[in-house]
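Numbering (the working numbering), first residue to last: 259 to 790.
This is the structure in structure tokens:
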């Protein structure tokens, strides 16, 4: 016996709902009461049932807003949440677990930094500078370690402490809205209207995508039935060109494939793609959306982080080591942290390799015999770069830690360097990977709409300073908007310029911005054919 109760989707289920298993043995009593009530109310006209065993037994009422499956054998029934509800519960539990893990990992990272620093100054530095402090070798190694240590701590602290919301977020979002011609809603009525328009637009595009996939599947079936084996697809699914504005504000100045068209073209081997399609994949690269979780407009390339519960510009990922989300405001600190951790681990591996190699060599045992011959009560260094018995564990730990962490961070650093030079975030990388494969199957080339060239892509994160100076400690804000826009229009307002976050910031351009919004809305509605 199996029935489906409720009808909620994962987005409708409560975020913190736990997995429930409910034993409903009182269902039999409820069923008996129902039959007695029915017999009492209509005993005169009631007709005995021919098959009493086929009488439907009412299932236990499930809480509204959640999908359940009810199982039963005889009078015993129990309910289990549906697969979507279980997935939502697991996802919520994982979010809270990752969030709680953050402070623990921060303490662990601090302990690692302190431990390696202690090992260098107390154990390894006396081996590198046996003549004492303030000598040339001592100053050389201390200067390098202090430089790496300062940059690692600086970027780590700022990556942890930099917030993705507040007045900085508001200022950047308003500047971006003013630049892209989007009228940012100020009142509750305008917010509700923006939400309603976004929902209608997504529903319309979803229906258009389903119609396109159905037509595409039908065409391929017709081709198979007619015996034709054409490679490629019909002309109706040709690549679309994203609507762009004047040269100074178009995205990369390239003819690009719309994300909605890329999502709609996911057909493989005659069947529609089962890849999950998110709403941002149905939008143009420079199109504003709406975040239902925070009830505010969603700028291009922004995403809602379910761990920190906030909307993040250029969200890359949530890093538990940082106890923060890596996004537009702290991505430069994160990349610098990876670079300085890697170079610091490389240097630590280099200076600890010789003492690590001598731990079990003949010189180690020779040094012990020399100390015994001299009659020292405590061991002393008598051979260069040979550790003492009490120094073996810290040196071995430091060498293996520097080597393993250096390799892991190097791989992560190379990946993020690729993302910086190709104008992608980690989220966009996974989405673009599928679009690129779909385009390859269709015999086409997919182009990243945010790619402005490796040099400009670098400047989107580090600014127009010299690369060496851009890597030094600084608290400057990003120089360009989170949305790559070609030309000087993509540069933010100067830091010293006053930005009014009130309604008057639109000034006399309020009417023109409203017209631009209506124009863009009409273009999005009338240009829906381009999306399919």
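Don't be surprised by glycine CBs; every beta carbon is placed ideally from N, CA and C.
What you are looking at is a predicted structure, and each value in this text was computed from that prediction instead of being measured.
query, result
"On the DSSP bridge assignment, give the partners of residue 569 in chain order.", "562"
"Okay, do the segment 683-695 and the segment 641-650 touch, 3+ Cβ pairs below 8 Å being the bar?", "no"
"Report the CB separation of residue 584 from residue 577 in whole angstroms; it is logged as a contact under 8 Å.", "5 Å"
"Would you check if the segment 721-734 and the segment 699-711 touch, i.e. whether three or more CB-CB distances between them fall below 8 Å?", "no"
"In angstroms, rounded to a whole number, what distance separates the CA positions of residue 666 and residue 723?", "29 Å"
"Please state whether DSSP places residue 334 in a helix, a strand or coil.", "strand"
"Do you know how far the Cα of residue 547 is from the Cα of residue 449?", "12 Å"
"Any contact of the segment 620-635 with the segment 421-438, i.e. 3+ C-beta pairs under 8 Å?", "no"
"Answer with buried or exposed for residue 434, where buried requires no fewer than 16 other C-beta atoms within 10 angstroms of its C-beta.", "buried"
"Inspect the CB distances between the segment 740-750 and the segment 554-566 and report whether three or more fall short of 8 Å.", "yes"
"Let me make sure I understand the geometry here. Which of 681, 400, 387 has the alpha-carbon closest to that of residue 710?", "681"
"Do you know whose CA, among 572, 400, 540, lies nearest residue 459's CA?", "540"
"CA-CA distance, residue 466 and residue 696?", "19 Å"
"Tell me where the beta strand (DSSP E) around residue 576 begins and ends.", "575-577"
"Starting from residue 635, follow the alpha helix (DSSP H) in both directions and report where the run begins and ends.", "It is not in any alpha helix (DSSP H) - residue 635 carries neither H nor E in the DSSP assignment."
"Of all the options 462, 565, 669, 454, which has the alpha carbon lying nearest to the alpha carbon of residue 351?", "565"
"For residue 555, which beta-bridge partners are listed by DSSP?", "548"
"Please identify the residue among 699, 550, 425, 636 whose C-alpha is closest to the C-alpha of residue 454.", "550"
"Can you look up residue 583 in the DSSP assignment and give me helix, strand or coil?", "strand"
"Below 7 Å between beta carbons: does that hold for residue 368 and residue 588?", "no"
"With residue 436 as the anchor, note down where its alpha helix (DSSP H) starts and where it stops.", "425-438"
"Would you list the residues sitting across from residue 738 in a DSSP beta bridge?", "749"
"Taking only runs of the alpha helix (DSSP H) that begin and end inside the segment 685-732, which ones reach a length of at least 4 residues, in chain order?", "712-720, 725-728"
"Under a Cβ-count criterion, where at least 16 other Cβ atoms within 10 Å of its own Cβ denotes burial, should residue 416 be classed as buried or exposed?", "buried"
"Could you tell me the alpha carbon to alpha carbon distance between residue 660 and residue 354, rounded to whole angstroms?", "31 Å"
"Would you mind working out which of 452, 359, 634 sits nearest residue 555, comparing C-alpha positions?", "452"
"Quick one: residues in its chain with C-beta nearer than 7 Å to the C-beta of residue 393, no 5 flanking neighbours on either side, listed in chain order?", "387"
"DSSP on residue 371, reduced to helix/strand/coil?", "helix"
"Give me the residue from 693, 605, 745, 457 with the minimum Cα distance to residue 715.", "745"
"Are residue 640 and residue 628 closer than 7 Å when you measure CB to CB?", "yes"
"Pair every Cβ in the segment 375-382 with every Cβ in the segment 666-677, then say whether three or more of these pairs are closer than 8 Å.", "no"
"Among 373, 346, 619, 582, whose alpha-carbon lies nearest the alpha-carbon of residue 414?", "582"
"For residue 600, I'd like the list of residues in its chain whose CB is within less than 8 Å of its CB, leaving aside the five on either flank, ordered along the chain.", "664, 667, 668, 671"
"Between residue 580 and residue 362, is the Cβ-Cβ spacing less than 7 Å?", "no"
"Is it buried or exposed, residue 545, if we count other Cβ atoms within 10 angstroms and call 16 or more buried?", "buried"
"From the DSSP output, in three-state form, read off residue 541 for me.", "coil"
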